[in-house]
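Colleague:
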Amino acid sequence: MRVGYARVSSDDQNLDLQLDALRKAGCKKILEDRKSGARADRPGLTRLMETVREGDVVVIWRLDRLGRSLRDLLDLAARLEAEGVGLKCIQDNIDTTSSGGKFIFQVFGALAEFERNIIKERTQAGLAAARARGRTGGRPKALDSKEQRLLVKLHKAREHSIAQLCRMFNISKPTLYSYLEAADQ
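In the working numbering, the protein residues as written are 2 to 186.
#1: Which residue's Cα is closest to the Cα of D12: Y6, I31, D93, R35?
#2: Indicate the three-state DSSP secondary structure (helix, strand or coil) for C90 in the structure shown.
#3: If you reduce the DSSP assignment to three classes, tell me which class I172 lands in.
#4: So D34 is in the beta strand (DSSP E); what residue range does that whole segment cover?
#5: Measure the beta-carbon distance from L152 to G138 and round it to whole angstroms, keeping in mind my assumption that it falls under 8 Å.
#6: By the 10 Å Cβ neighbour count, where 16 or more other Cβ atoms means buried, how is K147 classified, buried or exposed?
#7: Short of 7 Å in beta carbon distance, which residues of its chain neighbour L20, apart from the five on each side in sequence? Order them along the chain.
Rendered as structure tokens:
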């Protein structure tokens with residue numbers, strides 16, 4: 002069975018163009034969403050994934066109607082393929098029920114993975130360069146080294162409770178324990 006999926010980003014946009022194309026493509030059932038593709042909570046997409054069975058074909062008007070990003074689109078396509086469900090895109094002329102369509106999706110997947118690896122490498126190189134210049138990332142410490150030593154000293158004296166120390170230094174219990182653990186090492 003061909004199951005259509007149509008999506009527009011907001012209530013004031015019109016689905017007519019997509020719905021007409023999906024009906025013309027032979028869709029017996031069409032599920033809709035009127036939400037941004039950036040949102041993960043799309044009830045129509047959820048129902049679509051629950052509805053389709055092995056041998057079905059999900060038909061969409063354009064690729065961007067299905068996925069929030071290339072990664073999301075590839076994940077959805079992989080999920081459909083694992084369930085034995087094909088994916089056909091009318092405007093982009095992609096059909097994963099054919100070997101050529103599967104090839105196109107594999108190329109998209111390879112490009113997306115390549116892009117993720119390049120971003121990761123650049124990020125790591127930037128962090129290494131910053132460390133070489135004495136900069137460290139992350140959130141600033143709640144206490145400077147002098148305050149940390151005082152905290153450890155007061156804790157060892159056992160004159161104040163953990164809650165009192167947290168209030169005195171205006172820190173949370175996990176932060177207090179991380180300073181104590183660091184001092185023990």
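We put the beta carbon where it would ideally sit given N, CA and C, even for glycine.
Modeller: According to the structure shown:
#1: Distances from the alpha-carbon of D12 to those of Y6, I31, D93, R35 put R35 closest.
#2: Look at C90 here: in three-state DSSP terms it is strand.
#3: In the structure shown, I172 sits in coil (DSSP, three-state: anything other than H, G, I, E or B).
#4: 30–35
#5: Going by Cβ atoms, the distance from L152 to G138 rounds to 24 Å, so no, they are not a contact pair.
#6: Classification for K147: exposed.
#7: Cβ-Cβ distances below 7 Å link L20 to A7, I31 in the same chain, with the five nearest sequence neighbours on each side left out; the list follows chain order.
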